[in-house]
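J.: For reference, the structure I am asking about is given below.
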Amino acid sequence: MYQQMFSRAVANATGNVIREILKLTQQPDVISFAGGLPSPDAFPGEELQEIAAQIIGKYKNEVLQYGTSEGYLPLRQFVAGWVKEKGIEAEAADVLIISGSQQGIDLLGKTFINPGDGILLENPTYLAAIQIFNVYQGKFNLVNTDEQGLIPASLRAAAEKSTNKLVYLVPTFQNPTGTTLSLARRREIAGMLEELGLVLVEDDPYGDLRYSGDPLPAIKAYDQQNRVVYLGSFSKIISPGLRVGFAIGPREILGKMVIGKQTTDVHTSNLSQMIIYEFCRQGLLTPHIASVREKYGRKRDLMLELLDKYFPEEVTWTKPEGGLFIWAELPQGVSSTELLQEAVKEKVAFIPGDCFFPAGGGENTIRLNFSNASPEEIETGISRLGKVMKKYLTCIQKK
55 MYQQMFSRAV
65 ANATGNVIRE
75 ILKLTQQPDV
85 ISFAGGLPSP
95 DAFPGEELQE
105 IAAQIIGKYK
115 NEVLQYGTSE
125 GYLPLRQFVA
135 GWVKEKGIEA
145 EAADVLIISG
155 SQQGIDLLGK
165 TFINPGDGIL
175 LENPTYLAAI
185 QIFNVYQGKF
195 NLVNTDEQGL
205 IPASLRAAAE
215 KSTNKLVYLV
225 PTFQNPTGTT
235 LSLARRREIA
245 GMLEELGLVL
255 VEDDPYGDLR
265 YSGDPLPAIK
275 AYDQQNRVVY
285 LGSFSKIISP
295 GLRVGFAIGP
305 REILGKMVIG
315 KQTTDVHTSN
325 LSQMIIYEFC
335 RQGLLTPHIA
345 SVREKYGRKR
355 DLMLELLDKY
365 FPEEVTWTKP
375 EGGLFIWAEL
385 PQGVSSTELL
395 QEAVKEKVAF
405 IPGDCFFPAG
415 GGENTIRLNF
425 SNASPEEIET
435 GISRLGKVMK
445 KYLTCIQKK
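Counting from 55, one number per residue, gives the positions in the sequence shown under my numbering.
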């Protein structure tokens with residue numbers, strides 16, 4: 055009834071494929087590797103409960119009143135100091151608190167993208183970024199990647215043959231592939247942004263979840279020309295439900311993002327911001343991250359071991375040093391969407407990879423999340439999925 059009334063921005067927009075699949079896998083007997091969910095046993099629930107009570111008791115009026123759009127100043131100050139570990143030099147004035155790092159993508163779309171403006175994207179890339187930039191009617195220009203992440207020569211070639219404003223990438227433990235951009239490429243990409251007239255959106259929600267290998271500086275650490283907006287988040291390391299993230303970038307850009315935020319939600323929840331700040335101020339963040347890394351690292355290792363044990367030899371997969379995801383490729387011509395239908399019958403689920411490709415493709419790929427399931431569920435679920443794959447591939451070969 056209302057289709058003709060909808061704006062062009064949302065008329066053809068579709069829901070998040072992952073959220074829709076998660077609805078189908080809510081039955082208690084389905085083992086799901088579908089979402090990008092932190093594990094509930096990694097939430098510091100008791101500590102956060104105590105902190106929340108302290109805040110409400112001590113700062114009731116401040117918490118319940120409106121706050122500044124830029125964010126709670128003590129938290130901004132903490133973030134500015136904390137990101138020095140990633141090689142980023144910042145002051146509180148360079149930090150904007152946002153409602154999860156995903157809001158940062160939306161605010162940057164609102165700030166920069168007019169219908170038809172070019173955006174350079176990895177292929178595949180984060181699904182929500184595709185959806186957000188689609189709402190702003192941006193034009194996608196794709197950049198090639200390999201096992202070391204985005205290829206700088208491909209970025210240059212794509213930028214030189216099309217007009218673009220933004221380049222968006224997830225350089226560390228990328229969603230969906232789990233790959234990490236190499237140190238040399240981080241330097242090279244940062245150095246070419248001004249020449250190419252680009253602003254880079256560095257989305258880094260997973261960077262603190264490293265289980266092996268050496269930490270790498272953020273691309274923002276090499277941003278001599280002030281062309282990078284760095285997006286971080288407390289969702290994967292403390293709690294996604296609190297919806298607290300941050301943006302660090304040129305103050306001129308942050309000023310426009312603040313205006314955009316004022317028209318969206320005015321400010322991020324005062325209570326959420328103060329809970330995160332107190333958790334960090336009390337020295338709980340570093341040991342908590344260490345605990346989360348230990349839990350998730352064991353789950354990653356277990357899933358990789360079981361993939362070797364149960365998956366058909368025709369299937370290949372990434373071996374990420376951190377993050378939440380393993381990316382697998384089946385033989386060409388196989389439909390992971392059809393495979394999912396068979397897998398759900400056997401009470402196991404994953405995300406078909408085609409939804410991460412802005413221009414289509416990837417029908418033979420899948421994304422597996424290892425953080426949310428228990429070790430027992432990982433063992434059972436990968437065993438089930440391996441059997442489904444073998445049966446499905448045998449049927450395909452017989453046709």
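We put the beta carbon where it would ideally sit given N, CA and C, even for glycine.
#1: Pull the bridge partners of ALA403 from the DSSP assignment, please.
#2: Compute the beta-carbon to beta-carbon distance between LEU296 and ILE329, rounded to the nearest angstrom, for a pair I have assumed lies under 8 Å.
#3: Between the alpha carbons of LEU196 and THR231, how many angstroms are there, rounded?
#4: Using the C-alpha atoms, what's the distance from GLU101 back to LEU338?
#5: Measure from the alpha carbon of GLU194 to the alpha carbon of each residue in ASP171, ARG210, LEU422, ASP200, then state which is nearest.
#6: Within this structure, are the beta carbons of GLU368 and PRO385 separated by less than 8 Å?
#7: Note down, in chain order, each residue of its chain lying with its Cβ closer than 8 Å to the Cβ of ALA65, except the 5 sequence neighbours on either side.
#8: Report the option in ALA244, TYR120, GLU430, GLN81 whose CA atom is closest to the CA atom of ALA207.
#9: Run the CB neighbour count on ALA211, radius 10 Å, all protein chains shown included, and call it buried at 16 or more, exposed below.
#10: Please name the residue in ILE420, LYS401, PRO269, LYS399 whose C-alpha comes closest to that of ASP408.
#11: Starting from LEU456, follow the alpha helix (DSSP H) in both directions and report where the run begins and ends.
#12: Using a Cβ distance threshold of 8 Å, determine whether the segment 252-272 contacts the segment 125-145, with at least three qualifying pairs required.
#13: From which residue to which residue does the beta strand (DSSP E) around ILE142 run?
#14: If you compare alpha carbons, which of VAL253, THR372, GLU332, GLY90 is closest to PHE166?
#15: Leaving aside the five residues before and after ALA303 along the sequence, list all residues of the same chain whose C-beta is less than 6 Å from its C-beta, in chain order.
#16: Suppose the cutoff is 7 Å on Cβ atoms and the five residues either side in sequence are ignored; what does the same chain contact list for GLY129 look like?
#17: In the DSSP assignment, find the unbroken beta strand (DSSP E) run with ILE151 in it and report its ends.
#18: Determine, using beta carbons only, whether ASN324 and LEU91 come nearer to each other than 8 Å.
#19: Tell me which residues share the same chain as GLY154 and place their Cβ nearer than 8 Å to its Cβ, disregarding the 5 neighbours each side in the sequence.
#20: Assuming ASP148 and ARG305 are in contact, meaning their beta carbons sit under 8 Å apart, how far apart are those beta carbons, in whole angstroms?
#21: Taking a contact to mean a Cβ-Cβ separation below 8 Å, would you say PHE227 touches THR217 in this structure?
#22: Classify LYS215 as helix, strand or coil using the three-state DSSP reduction.
#23: Spell out the partners DSSP gives VAL221 in its beta bridges.
#24: Between the C-alpha atoms of LEU361 and PRO412, what's the straight-line distance to the nearest angstrom?
#25: Sorted by chain position, which residues of the same chain lie with C-beta nearer than 8 Å to VAL388's C-beta, five sequence neighbours on each side aside?
#26: Run through the DSSP bridge pairs and tell me what ILE380 is partnered with.
#27: Please identify the residue among LYS373, GLN336, TYR364 whose C-alpha is closest to the C-alpha of GLY351.
#28: Going by DSSP, what residues sit across from TYR331 in a beta bridge?
#29: How far does the alpha helix (DSSP H) with VAL64 in it reach, from first residue to last?
#30: Between TYR265, LEU247, PHE132, TYR126, which has its C-alpha nearest GLN278's C-alpha?
#31: Quick one: complete alpha helix (DSSP H) runs, 4+ long, within the segment 259-335?
#32: Can you check which of these residues, VAL189, THR370, GLU433, is closest to ALA63 by C-alpha distance?
#33: Roughly how many whole angstroms lie between the Cα atoms of VAL320 and ILE205?
#34: I believe VAL224 touches LEU209 by the beta-carbon criterion, under 8 Å. Please report the beta-carbon distance rounded to the nearest angstrom.
#35: Expressed to the nearest angstrom, what Euclidean distance is found between the alpha-carbon atoms of TYR126 and MET59?
#36: GLU430 to GLN191, Cα distance in whole Å?
T.: On the basis of the supplied data:
#1: Here residue 403 refers to the residue found at position 349 of the sequence shown. Answer is SER86.
#2: Position 242 of the sequence shown, counted from the start, is the residue given in the question as residue 296. Position 275 of the sequence shown, counted from the start, is the residue given in the question as residue 329. The Cβ separation is near 6 Å, so the contact holds.
#3: As a working note, residue 196 is residue 142 in the sequence shown. As a working note, residue 231 is residue 177 in the sequence shown. Approximately 16 Å, taken between the alpha carbons.
#4: Mapped onto the sequence shown, residue 338 falls at position 284. Mapped onto the sequence shown, residue 101 falls at position 47. Their backbone Cα atoms lie some 9 Å apart in a straight line.
#5: Counting from 1 along the sequence shown, the entry for residue 194 is found at position 140. According to the sequence displayed, residue 194 carries Phe and not Glu. Ranking ASP171, ARG210, LEU422, ASP200 by Cα distance to PHE194 puts ASP171 first.
#6: The residue you call residue 368 lines up with position 314 of the sequence shown. The residue you call residue 385 lines up with position 331 of the sequence shown. In this structure, PRO385 lies closer than 8 Å to GLU368 by Cβ.
#7: Against the sequence shown, residue 65 aligns to sequence position 11. Once the five neighbours on either side are set aside, the close Cβ partners of ALA65 are GLN57.
#8: Taking the first residue of the sequence shown as position 1, residue 207 is located at position 153. Ranking the options by Cα distance to ALA207, first place goes to ALA244.
#9: The sequence position of residue 211 within the sequence shown is 157, counting from 1. With fewer than 16 other Cβ atoms within 10 Å, it is exposed.
#10: Here residue 408 corresponds to residue number 354 of the sequence shown, with the count starting at 1. The shortest C-alpha separation from ASP408 is found at ILE420.
#11: Here the chain has residues from 55 to 453 only, and residue 456 is not among them.
#12: yes
#13: Counting from one through the sequence shown, the residue named residue 142 turns up at place 88. Note, ILE142: premise wrong, no beta strand (DSSP E); not H, not E.
#14: Taking the sequence shown and counting its residues from 1, one reaches residue 166 at position 112. Comparing Cα-Cα distances from PHE166 to each of VAL253, THR372, GLU332, GLY90, the minimum goes to VAL253.
#15: As a working note, residue 303 is residue 249 in the sequence shown. Note on identity: in this sequence residue 303 is Gly, with Ala being the wrong assignment. Contacts found: VAL283.
#16: Sequence index remark: in the sequence shown, residue 129 carries index 75 (1-based). What sits at residue 129 in the sequence shown is Leu, not Gly. Here the set comprises ILE151, GLN327, ILE330, TYR331.
#17: Counting from one through the sequence shown, the residue named residue 151 turns up at place 97. 149-152 is the span of the beta strand (DSSP E), which, as asked, contains ILE151.
#18: Locating residue 324 in the sequence shown gives position 270, where the first residue counts as 1. Locating residue 91 in the sequence shown gives position 37, where the first residue counts as 1. Cβ atoms of ASN324 and LEU91: not closer than 8 Å.
#19: As a working note, residue 154 is residue 100 in the sequence shown. Only SER287, SER289, PRO294, ARG297, VAL298, GLY299 meet the Cβ criterion.
#20: In the sequence shown, the residue the question calls residue 148 occupies position 94. In the sequence shown, the residue the question calls residue 305 occupies position 251. Confirmed, about 6 Å.
#21: Translated into positions along the sequence shown, residue 227 becomes position 173. Translated into positions along the sequence shown, residue 217 becomes position 163. It is not a contact, given that the beta carbons lie outside the stated cut-off.
#22: Your numbering for residue 215 matches position 161 in the sequence shown. Coil at LYS215, not helix or strand.
#23: Translated into the one-based positions of the sequence shown, residue 221 becomes position 167. VAL221 pairs with LEU174, LEU254.
#24: Start at 1 with the first residue of the sequence shown, and residue 361 comes out as number 307. Start at 1 with the first residue of the sequence shown, and residue 412 comes out as number 358. Rounded to whole angstroms, LEU361 to PRO412 spans 28 Å at the Cα level.
#25: Reading the sequence shown from its first residue, position 334 is the one you call residue 388. Contacts found: GLU417, ASN418, TYR446, LEU447, ILE450.
#26: Position 326 of the sequence shown, counting from 1, holds the residue named residue 380. In the DSSP output, where bridge partners are listed per residue, ILE380 has LEU422.
#27: Looking up residue 351 in the sequence shown gives position 297. The shortest Cα separation from GLY351 among LYS373, GLN336, TYR364 belongs to LYS373.
#28: Counting from 1 along the sequence shown, the entry for residue 331 is found at position 277. The partner list for TYR331 (beta bridge, DSSP) is empty, contrary to what the question assumes.
#29: Counted from its first residue, the sequence shown places residue 64 at position 10. Per DSSP, VAL64 belongs to the alpha helix (DSSP H) from 62-65.
#30: For this step, residue 278 is matched to residue 224 along the sequence shown. Checking every option, the nearest Cα to that of GLN278 belongs to LEU247.
#31: 305-316, 324-335
#32: Walking along the sequence shown from the start, residue 63 turns up at place 9. Among VAL189, THR370, GLU433, the Cα nearest to that of ALA63 belongs to VAL189.
#33: Counted from its first residue, the sequence shown places residue 320 at position 266. Counted from its first residue, the sequence shown places residue 205 at position 151. The alpha-carbon atoms of VAL320 and ILE205 are separated by roughly 38 Å.
#34: If you number the sequence shown from 1, residue 224 lands on position 170. If you number the sequence shown from 1, residue 209 lands on position 155. Wrong, their Cβ atoms sit about 14 Å apart, outside the cutoff.
#35: Counting from 1 along the sequence shown, the entry for residue 126 is found at position 72. Counting from 1 along the sequence shown, the entry for residue 59 is found at position 5. Those two C-alpha atoms are separated by around 39 Å.
#36: By 1-based counting over the sequence shown, the position of residue 430 is 376. By 1-based counting over the sequence shown, the position of residue 191 is 137. Rounded to whole angstroms, GLU430 to GLN191 spans 44 Å at the Cα level.
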